[in-house]
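Before any comments, here is the structure.
Residue numbers (UniProt numbering): 1 to 641.
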């Protein structure tokens, strides 16, 4: 929170468990009771009691902001609290005890509600840490024991029973289960998990029993990292937030000068006491506290809500820019596609069978590190044994399978013969084609492709419906890129790009309307992410690089989180604009009414602080996520399901 608002109030209430445990709330409540007592004493015509109750209400209400204001003044910082303190002191000097009590009471309420709203949104974020279980089962020295999460060490083997939460990040050593990671990444479908798979803190184990080797302590696991990143981000300021500060900081001394002019010039025209009173009213009327607090509350609420749905937004600047996005550039591999090539088609030649084609290919690929080898092996099952396997650079593999020479590689190296038309058909659809030969005879073709994510086409259509242009940026060949883009419904395709080329293309897209977002993996696309108005890393859970380099990180790999995040940011940006506009309108309306004597100090204080409560409540609305319910053919009906 800026000091331009109500003076430093500290952040010691973040862990408060309830509304009434905040000291400022209790002080404001007691001040209100004393204020009502003062009104009652006046009705009973008990003047000494009335004055005493008003003074006590002013003292208790003032205690919530006057000390902080004085500390700020010692540090040469002037804020709205300065205006309120001067107005309070002036009202007391002029004997306007009822007005002073009301000012202190209402301003203390707004201060307390502001503090409560900020602490509540932060508590919602820190609730992520409660996903860590209260105790952890570990196996040390062959013996099972239960320890506190803080005692967990890297390398410990955690035993996670069915239905239990995983205490920290780790790698599955043994066991098979479906793990629910919805609380962390927003992925709604449990993930089948087995030996070698990575799991994260806070995930819920399904029906099986898992043994997980810890790769991070509880204090440094992915949940703790998310909380630290978002809390740091919440302290960053967006353009609207900085705009509110820029308006508020010079406005405070300007208002004080205006009040002096009102008092001085008015004294030349009439009763000095009357005009001094009006100057105090002007001082309060022009206080921009609602403007200064409205945007930070909105940012904290929106960023906290996004983090709970698996979207990390690094501060107000990123949030506001995300809400202004009108063009999205998408990487292909790992973003639009699964980054997991699969065998999509097998075309046998002559009398060969699909099983024979796969068996020979798998035997040659059994020890290969080629990216497409995993796809062949996954389709073939347990491979046979190939001898004397060597790699022919730029062509493929050759070796001996069951005593017969065999080759696997590019069709133009082996020769497709009668299957030339099939090669053309497959490559035209964006499929990588490998030819298989045994004993000098072509066995057939294997088509391998990195398949489009099933939700990709629906997401692209949803972005277009929202008025957002979509472009694909990829280093893959033009034919493959065009085929996949057509499936996804993307018409702007840029292929065969190096990382620097992607950054240059993003720069060219920025010449259009609105902001440009780049969605990539956060590592290979780092130049483009940095160049874009807002860089978005996808599938960033557990990746320090992705979280650090991007402005926004989608912790899961479901593309449907992208339009949801854009909608959320656009709504939050709209709320920011509403709050700034309302706050400015209130100040511009109250000042002339106060200077002309139409409004009393009590009336101005009431209207002003009521407005502040309203903008805080409006800002908190940004903490609610709205999920789109759009039904498209072949697509789930809920954007977050």
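Positions of the beta carbon are idealized from the N, C-alpha and C atoms, including for glycine.
With a threshold of 16 other CB atoms inside 10 Å of the CB of residue 325, please say whether the residue is buried or exposed.
It is buried - the Cβ of residue 325 has at least 16 other Cβ atoms within 10 Å.
If the criterion is Cβ atoms closer than 8 Å, does the pair residue 643 and residue 385 meet it?
Outside the displayed span of the chain (1 to 641) sits residue 643, for which this structure offers no information.
Consult DSSP for residue 309 and reduce its assignment to one of helix, strand or coil.
If DSSP states are grouped into helix, strand and coil, residue 309 belongs with coil.
Separation of residue 301 from residue 100, as counted between CA atoms
Computed Cα separation, rounded: 33 Å.
DSSP state of residue 513, grouped into three classes?
Coil.
With C-beta atoms as the reference, is residue 392 less than 8 Å away from residue 443?
Going by C-beta atoms, residue 392 is not nearer than 8 Å to residue 443.
Report yes or no: do the stretch 150 to 158 and the stretch 213 to 222 share at least 3 C-beta pairs separated by less than 8 Å?
Result yes; three or more Cβ-Cβ pairs closer than 8 Å.
Name the residue from 170, 344 and 106 whose alpha carbon lies nearest to the alpha carbon of residue 612.
In this structure, 106 is the residue among 170, 344 and 106 with its C-alpha nearest to the C-alpha of residue 612.
Residue 447 vs residue 343 beta-carbon contact at 8 Å
Yes, the Cβ-Cβ distance between residue 447 and residue 343 is below 8 Å.
Under a three-way DSSP split, which group does residue 291 fall into?
The DSSP-derived three-state label of residue 291 is helix.
Residues in the same chain with beta-carbon distance under 7 Å from residue 331, minus the five sequence neighbours each way, listed in chain order, please.
Within the same chain, residue 331 has close Cβ partners 473, 474, 519, 520, 521 and 525.
Contact set for residue 405: own chain, Cβ-Cβ below 8 Å, skip 5 residues either direction:
So the list reads 398, 399, 438, 439 and 440, once near-sequence residues are dropped.
What are the boundary residues of the alpha helix (DSSP H) that includes residue 24?
Its alpha helix (DSSP H) spans residues 23 to 43.
Report back the beta-carbon spacing between residue 594 and residue 282 to the nearest angstrom; my notes put them in contact at under 8 Å.
Confirmed, Cβ separation roughly 5 Å.
Compare the beta carbon distance of residue 203 and residue 147 with 8 Å and say whether it is the shorter of the two.
No, these two residues do not count as a Cβ contact at 8 Å.
Residue 603 versus residue 255: straight-line alpha-carbon distance, rounded
Answer to the nearest angstrom: the Cα atoms are 18 Å apart.
If I follow the unbroken beta strand (DSSP E) through residue 446, where does it start and stop?
DSSP places residue 446 in the uninterrupted beta strand (DSSP E) bounded by 441 to 449.
Taking all protein chains shown into account, decide if residue 70 is buried (16 or more other Cβ within 10 angstroms of its Cβ) or exposed.
It counts as exposed.
Rounded to whole angstroms, what is the Cα-Cα separation between residue 457 and residue 430?
Between the alpha carbons of residue 457 and residue 430 lies a distance of about 16 Å.
Compute the Euclidean distance between the alpha carbons of residue 270 and residue 573, then round it to the nearest angstrom.
Rounded to the nearest whole angstrom, the C-alpha separation of residue 270 and residue 573 is 47 Å.
Which of helix, strand or coil DSSP assigns to residue 331:
In the structure shown, residue 331 sits in a strand (DSSP, three-state: E or B).
Alpha carbon to alpha carbon, how far is residue 34 from residue 564? Give it in angstroms, no decimals.
When rounded, the distance between both Cα atoms is 48 Å.
Would you call residue 477 buried or exposed, if buried means 16 or more other Cβ atoms sit within 10 Å of its Cβ?
Taking all protein chains shown into account, residue 477 has fewer than 16 neighbouring C-beta atoms within 10 Å of its C-beta and is therefore exposed.
Which stretch, first to last residue, makes up the beta strand (DSSP E) that contains residue 405?
Unbroken beta strand (DSSP E) run through residue 405: 404 to 409.
Should the stretch 310 to 320 be regarded as contacting the stretch 491 to 509, the criterion being three or more beta carbon pairs within less than 8 Å?
With a cut-off of 8 Å on Cβ pairs, the stretch 310 to 320 is not in contact with the stretch 491 to 509, counting fewer than three such pairs.
Please report how far the alpha carbon of residue 181 lies from the alpha carbon of residue 211, in whole angstroms.
Each residue's alpha carbon lies about 17 Å from the other.
Using 10 angstroms around the beta-carbon of residue 275, count the other beta-carbons present and answer buried if the total reaches 16, otherwise exposed.
Answer is buried; the Cβ neighbour count reaches 16.
Which of the three DSSP states, helix, strand or coil, is assigned to residue 623?
The DSSP-derived three-state label of residue 623 is helix.
Span of the beta strand (DSSP E), counted from its first residue to its last, around residue 140:
Residue range 136 to 140 is occupied by the beta strand (DSSP E) that includes residue 140.
Helix or strand or just coil, what does DSSP make of residue 319?
DSSP places residue 319 in helix when its eight states are reduced to three.
Have a look at the DSSP bridge pairing and note the partners of residue 506.
Residue pairing from DSSP leaves residue 506 without any beta-bridge partner.
Express the C-alpha separation of residue 470 and residue 491 in angstroms, rounding to a whole number.
Roughly 8 Å separates the two Cα atoms.
Over what stretch of residues does the beta strand (DSSP E) that includes residue 387 continue unbroken?
Start and end: 386 to 392.
For residue 409, collect the residues of the same chain with a Cβ closer than 6 Å to its Cβ; drop the 5 residues on either side in sequence, then sort them by chain order.
Within the same chain, residue 409 has close Cβ partners 395 and 396.
So, helix, strand or coil for residue 204, using DSSP?
Strand.
So the candidates are 339, 267 and 149; which of them puts its Cα closest to the Cα of residue 453?
Selected option, being the one with the closest Cα: 339.
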